[in-house]
Amino acid sequence: MRIRHALLFVLLPFSMARAGEGSERKEGERPFEPGETLSYEIRLLGIETARAELEVFDEGAGGMRIRARARTTGAADDVFRMKSQASCSLEEASLDPELCRGTFQSRRTLRRREIRFDKETGIIVERNDANGEREQNRIQLEPGFEGVQDTLSALYLIRARLPEPGEGLRFRAVVRSKPVQVEAKTIREEALKTDVGTFRTAVVQVRIFGEVDEKTTREAYLWITLDENRLPMKAVTKAPIGSLEARLIGARGIRSGTTLAQR
25 MRIRHALLFV LLPFSMARAG EGSERKEGER PFEPGETLSY EIRLLGIETA RAELEVFDEG
85 AGGMRIRARA RTTGAADDVF RMKSQASCSL EEASLDPELC RGTFQSRRTL RRREIRFDKE
145 TGIIVERNDA NGEREQNRIQ LEPGFEGVQD TLSALYLIRA RLPEPGEGLR FRAVVRSKPV
205 QVEAKTIREE ALKTDVGTFR TAVVQVRIFG EVDEKTTREA YLWITLDENR LPMKAVTKAP
265 IGSLEARLIG ARGIRSGTTL AQR
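Mapping of the sequence shown onto this note's numbering: residues 25 to 287, in sequence order.
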């Protein structure tokens, strides 16, 4: 399992953003802007195994770019020495991805991936390179398709369009060169205790439906703050042994006034 999956396994839909109790964010306004940086600690069986960072950049011409970087730490780094990076260029208005790239490297493996979304023709082209072995796949959808997400781009979409409790949302995503259906559902609101305070969060269950191989994570849970920042505070998914958990440990470039839960 790739070390970034606990944080990036979110492939999300397109409903209107909810304001949330106590939020001052206007409908249609993004909860993130260029300059935002979020830092995460990733733990396996309660032990820190990796650190990750998410960043937002301005690309001009009505677009933005998001980037995720992760690498193993401590004893896990001594054994595996894993690091990964992923980025997506997004349409600013719709947050749909146009081009996504990723790399994953360990002591024995080097993998690269590129996926282009061409709405005009309805074609998605995915290129993979694993230790020098190259493969290209073309996925034909309807011309003018909308809302087809990659893993990283979808994480930001859920922040912008967080569903109401009890509501389920479906959309399409590309997983290992196959189009699949994804459902994201806010199952409850919860007070999440952290080292820096207690936050009111929406707990979102994300599930993949369709034919995917055994290496693909099918389910994950996210805890998203209900203030104007919509911060992903926590993410949990199953690992081959136990569970993998990512927790937010630092944030720069966010709006001030993150709302703590009222006890």
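No residue lacks a Cβ here, since even glycine has one placed at the ideal position from N, Cα and C.
First through last residue of the beta strand (DSSP E) which encompasses D82: 71-84
Nonlocal neighbours in the same chain, by C-beta distance under 7 Å from P167, ignoring five residues either side: E144, T145, G146
Rounded distance between the beta-carbons of P55 and R254, thought under 8 Å: 4 Å
Neighbourhood of F104 by C-beta, 6 Å cutoff - its chain only, sequence neighbours within 5 removed: T96, S130
Rounded straight-line distance, which links the Cα of R137 to that of S113: 14 Å
Per DSSP, the bridge partner or partners of I248: A226, P256
Three-state class that DSSP yields for S130 in the structure shown: coil
Distance between beta carbons of I139 and V172, contact taken as under 8 Å: Going by Cβ atoms, the distance from V172 to I139 rounds to 10 Å, so no, they are not a contact pair.
Where T241 falls: helix, strand or coil (DSSP): coil
Of the residues G86, A94, E60, I71, the one placed nearest E79, counting alpha carbons only: E60
Distance between D219 and R276 (C-alpha atoms, nearest Å): 17 Å
Meets three-Cβ-pair contact criterion under 8 Å: the stretch 148-165 and the stretch 173-193: no
DSSP state of S47 mapped onto helix, strand, coil: A caution first: S47 carries a pLDDT of 38, below 50, which makes its placement in the model unreliable, though a value can still be read off. It is coil, neither helix nor strand.
K143 - DSSP class collapsed to helix/strand/coil: coil
Presumed contact (8 Å Cβ cut-off) between S201 and E150, rounded CB distance: 5 Å
9 Å Cβ cutoff met for G87 and E57: no
Three-state secondary structure (DSSP) of I265: coil
Pair within 9 Å by beta-carbon distance, E213 and V227: yes
Among L272, I278, R279, the one whose alpha carbon lies nearest that of E72: L272
Sub-9 Å separation of S118 and E83 beta-carbons: no
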